[in-house]
Structure formats: structure tokens, C-alpha cells
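As you go down the protein sequences, you meet chains A and B in turn.
Residue numbers for the first sequence follow the working numbering, so the first one is 5 and each next one is one higher.
Residue numbers for the second sequence follow the working numbering, so the first one is 19 and each next one is one higher.
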Amino acid sequence: MSVLDQTAKGLAAFLSQKWSKPVAIENMELASAGARRRNVLFDAVSGNERTGLVATIVPFAAMQLVPIEVEASNLRLAEAAGMPVPHVHAACDDNAFVGGPFFVTSRIAGETIPRQVLRLVEKTPGLGAKLARQCGAALAKLHAADAANAHPLVLRPNGHPLEAALAISERSIGELLQPSPAFALCFNWLKRNIPPAPRRITVVHGDFRNGNLIVGADGLRASLDWEGCHLGDPMEDAGWVVQRMWRFRNDSLEVGGFGTRDDFRAGYQEAGGEWNEARFQWWKAQGTLRWGLGLAGQAKQHLDGSVPSIVLAASGRRVAELEYDTLMLLKRGFE
Amino acid sequence: MQDRPTASELLATIADLLEGDVLAATKGGLQHQVRVAGNLCRILEREASLGAAHEAREIALLAQVLGEPAGGRDARTLNAALVARLAAGHDAALERRAFPALLEIVRGKLAIAKPGHDDYDFSGEQLG
Numbered sequence: 005m006s007v008l009d010q011t012a013k014g015l016a017a018f019l020s021q022k023w024s025k026p027v028a029i030e031n032m033e034l035a036s037a038g039a040r041r042r043n044v045l046f047d048a049v050s051g052n053e054r055t056g057l058v059a060t061i062v063p064f065a066a067m068q069l070v071p072i073e074v075e076a077s078n079l080r081l082a083e084a085a086g087m088p089v090p091h092v093h094a095a096c097d098d099n100a101f102v103g104g105p106f107f108v109t110s111r112i113a114g115e116t117i118p119r120q121v122l123r124l125v126e127k128t129p130g131l132g133a134k135l136a137r138q139c140g141a142a143l144a145k146l147h148a149a150d151a152a153n154a155h156p157l158v159l160r161p162n163g164h165p166l167e168a169a170l171a172i173s174e175r176s177i178g179e180l181l182q183p184s185p186a187f188a189l190c191f192n193w194l195k196r197n198i199p200p201a202p203r204r205i206t207v208v209h210g211d212f213r214n215g216n217l218i219v220g221a222d223g224l225r226a227s228l229d230w231e232g233c234h235l236g237d238p239m240e241d242a243g244w245v246v247q248r249m250w251r252f253r254n255d256s257l258e259v260g261g262f263g264t265r266d267d268f269r270a271g272y273q274e275a276g277g278e279w280n281e282a283r284f285q286w287w288k289a290q291g292t293l294r295w296g297l298g299l300a301g302q303a304k305q306h307l308d309g310s311v312p313s314i315v316l317a318a319s320g321r322r323v324a325e326l327e328y329d330t331l332m333l334l335k336r337g338f339e
Numbered sequence: 019m020q021d022r023p024t025a026s027e028l029l030a031t032i033a034d035l036l037e038g039d040v041l042a043a044t045k046g047g048l049q050h051q052v053r054v055a056g057n058l059c060r061i062l063e064r065e066a067s068l069g070a071a072h073e074a075r076e077i078a079l080l081a082q083v084l085g086e087p088a089g090g091r092d093a094r095t096l097n098a099a100l101v102a103r104l105a106a107g108h109d110a111a112l113e114r115r116a117f118p119a120l121l122e123i124v125r126g127k128l129a130i131a132k133p134g135h136d137d138y139d140f141s142g143e144q145l146g
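Written out as C-alpha cells, the structure is:
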């Protein structure tokens, strides 16, 4: 029996139990198979009812950053806050059904692959600006949610969230296999220019960007990948969605290669979000540094043998891209 | 001296094979890895022809920023020395001297690792 057949059998057993009626699984297909996640699309059929669903499966329980219930609870919190997300039908940490923990959500049609999102934007007049505004509004709604309702296992900063992020970068700089004066210079700038802590700690998506969005001709339909959701400074999400690496060569459009920062900020503020320019800028530089350090870390995982992979090896040769981006972002401060 | 083809020429030949026949004969996750492998050969092809000159320039620039002769030290050692100086406390003059040198060094690395990445100049989104 193939892995997909086994998965279908496991999901049929799980949903039959959950819904207390016989459920058959049809039209199953593997949508994506990342290192940490498998997404399978399928129809759950019971009598005359057919429901399009998605199962997000962690291949091995040991791969989890947080228990599956935490990610499911993040999605529920975002939905309650009015942010467009897939609806969670069930979460399960019993490995017996599909070989690892998983959750089942509604299936939302649309583009998720960044270049296809950009292609759709290109052929749909007005979509890019609208999408940037909707991204701003979606984040504002999330940031308005009461952080006290977040799952108790959701990570939260101990003290000043910007200082906490800077401390993580400092540790990663210390672990670099190759010393980087460009990153050291960026770190100095971040340390000198750290703004005061935000007035409110909020729920932060943590990886909101082109690539984790479902987009249709009508605009933003959902945001995905809630694994890294945590509590912190809402401007962290704003500084992340504008990173150059999520523009996929459309460099002049700061938000995902499809929209401007002005549209994004207008959408954020219209939906009640409180924009702070100093913290936005700080997180933008910190995000670029963080990604550069992350790429160096990937190469290290290959080189020390912990995760041998030509893709991770190649990440090491991408570090220079992020050195360039950090230097150019901070150019004015060193002239 | 090795006989022709040179390292650059051989790497280009390997890249052609990976990006042509091998890519066509693979699918799924392996196809992505083959594309990455082809790109790495292109990087090494450029490194074989440009790497030595760029590293010599990097050593000269780092020594200049440090205000010391390179004294036979390699690029890695000089980079580590500059990182230590930058971390030792705020030195505005050192940072201003380092900035253009680091930008030139990084552009040299990009000419090998990702030509064209530095075409975008971040005008309109510089911070501070």
C-alpha cells in the first residue's frame, strides 16, 4: 500500500470516529512535501455530503517545534479575530492514524506558490494594491486579538521583545563558521538604534509573507503556516512581510513583490492597527540579518553532518545576498 | 599546470549536463536538487576564474580598514580581526571606513555567487 493510500485509510478512520458516521476519502493528492510538513488535499465523503479538506501532517512527531494542538489553536484564535485562515476541523497527536501528528482544515482554492501569485497579480488590474491592503488589514486584526487567549505553550518574550530578538542574533553571530563583518556592522546598528518596547505585546504570526498566503483574483483568501506564531511586537510581522527575499525578483514592490509599503500600512491602519515607524524599520533590518544568519546556519547543518543536503549546502553561498541587503538598508547610517 | 579543459570549462560542462539531460530524466524533489547542483557548478565555474583576484582584493581592503599590513594573513583571519574590532565598542570612524570596503567585498562575492543581485539599490527604503 502506498503512503498516500495509508494516509487515506488513516484519515477515513479518524474522521469516521470524529464525526460518528462512516467517512470515505476520495481524490487525495499530495499538495506539498516540505522537510517539516506534508499537505494532502482530499474530499471527505459521507452519504451525499462531500467536503474538500486539507490534512497538514508532521512526518515524525520529533519534527515538531510545538505540539500540533498549539498550531491548531493559533489558527482558531486568528479566525476568531477575523483574519482569513482555513477553518480547523480537528487536530490529532495520535501517530497511529497517519504516522505523525496532524490537523484537518477546510480547503481554500487559490494560488500559494509565490511566482504564481505574482503572475495572477500581473494579469489582474488593481489586485497588487488591494492584496497589500488586505495583508495589512489581516495583520491588524490578528494584532488586535487578546494575547491572553493564546495557547499557554505559545512562545513569549521574556521582557523587551526587541532586545530578546537581538540576543538571539548575537548568539547566532557567535556561532558563524565564517566571521561576517557586514553582519557585525548591522548588529551594531541594531543595538544602537533599538526603540523602546511596544506598549502592547500581541499575537505575532511570525512568518506572514508571499509564500504563506492563499490568493485569488478577489484578493487574500487565507494565511498559512502558523507554526512560528508567538507573542511579541506587532511590528515584527510588518518588518517581515517587506523583506526582499519574499519579492521574488519584483524588488521595487516592497510587500511580496506585489504591493507598496504605503498600501500595506494604509490597510493596517484602516483596520485599527497602530503603526510605529521606528520599530518597523528596526524589525526590517533585524529580519534581514536573521535570514542571513539562518542561511549560514543551514549550511552549518549540512557541514556538521546533522542534515546532509545539497540544498542546505547551497544556502551557505546565499549569505552574501543578505550581507548586501543589510549593508544597503543601513547605507545612510554609515555615510 | 593541468591540461585543458580548465576547472571553469569542466564545471560549465558538468552544469550543462545537470541542467540538460539529467534534469530532463528526473522529477519531483530530486529535480530541485539537480537544479541546485547545476547552479552550484555555475558558481564554482565563476569562482575558478574570479575567486583568486577577488580574495586578494578582499585581503587588501580589510588590511586598509584595520590600518595594518596584511602580513601574510588570509581573508578569514582578517575578517575575524575586523569583527573583533567592530564588537569592541562603538568606533564611528572604523565603521565609516569599513562600510564602503565591506560593500565592495560583498559585491565581489556576489559576482561569483549571484550575479545581478546587487542591481537593486534599495533606493527609497534605506533606514535611519
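Glycine included, C-beta positions come from ideal geometry on N, C-alpha and C.
Owing to the predicted nature of the structure, the values given are computational and were not obtained by experimental measurement.
- Distance between LEU194/A and VAL124/B, taken at the CA atoms: about 20 Å.
- Among the residues facing chain A, ASP34/B is not included, as its CB has no counterpart in that chain under 7 Å away.
- Per the C-alpha coordinates, the member of ARG60/B, GLY46/B, GLY142/B positioned closest to THR31/B is ARG60/B.
- Secondary structure note for THR206/A: its beta strand (DSSP E) is the uninterrupted segment 206 to 208.
- As DSSP reads the structure, CYS96/A sits in a beta bridge with PHE106/A.
- Against chain B, a Cβ distance below 8 Å from GLU325/A picks out LEU128, ALA131, LYS132, HIS135.
- In this structure, DSSP gives ASN43/A an extended state, which the three-state scheme calls strand.
- Taking 7 Å as the cut-off, the beta carbon of ILE112/A is found no closer than this to the beta carbon of ALA221/A.
- DSSP places GLU325/A inside the alpha helix (DSSP H), whose first and last residues are 323 to 333.
- Chain order gives no chain A residues near VAL40/B, where near means a beta carbon separation below 7 Å; the closest approach is about 13 Å.
- For ILE117/A, not one C-beta of chain B is nearer than 7 Å to its own C-beta.
- Rounded to the nearest whole angstrom, the C-alpha separation of GLY104/A and ALA94/A is 14 Å.
- Residue contact check for PHE64/A against chain B: no CB pair falls below 7 Å.
- For SER50/A, the three-state secondary structure derived from DSSP is strand.
- Under the DSSP definition of a beta bridge, ALA154/A lacks any partner.
- Rounded to whole angstroms, the separation of the alpha carbons of ARG41/A and LEU69/A is 12 Å.
- Runs of beta strand (DSSP E) with 3 or more residues, each lying fully within the segment 96 to 132 of chain B, are absent.
- Under the three-state reduction of DSSP output, GLU73/A falls in the helix class.
- Annotated as proximal: GLY140/A and GLY271/A, with beta-carbon spacing under 7 Å.
- Closer than 9 Å at the C-beta level to chain B, one finds these residues of the segment 281 to 294 of chain A: GLN285, TRP286, LYS288, ALA289.
- For HIS234/A, the secondary structure class from DSSP, reduced to helix, strand or coil, is strand.
- Think of a sphere of 8 Å around the beta carbon of ALA25/B: no beta carbon from chain A falls inside it, the nearest being about 17 Å out.
- Inter-residue distance for GLU258/A and GLN285/A is about 13 Å (C-alpha atoms, whole angstroms).
- Residue pairing of SER26/B in beta bridges, as defined by DSSP: absent, with no partner found.
- Residue state for SER173/A is assigned as helix, using DSSP reduced to three classes.
- GLU63/B has its alpha-carbon roughly 7 Å from the corresponding atom of ALA25/B.
- Nearest in C-alpha terms to GLU126/A, of all of PHE338/A, SER176/A, VAL219/A, ASP308/A, is VAL219/A.
- Scanning its chain for C-beta atoms nearer than 7 Å, with the 5 sequence neighbours on each side dropped, one finds around GLY276/A the residues ALA144, ALA148, in chain order.
- With respect to the 7 Å criterion, GLU325/A and LYS132/B are classified as neighbours on the basis of their beta carbons.
- With fewer than three CB-CB distances shorter than 8 Å, the segment 189 to 203 of chain A does not count as touching the segment 132 to 143 of chain B.
- Chain A places no beta carbon closer than 7 Å to that of GLY89/B, leaving this residue out of the contacts.
- Neighbours of ILE61/B across chain A, judged by C-beta separation under 7 Å: ARG321.
- ARG213/A and ALA242/A have their alpha carbons spaced roughly 10 Å apart.
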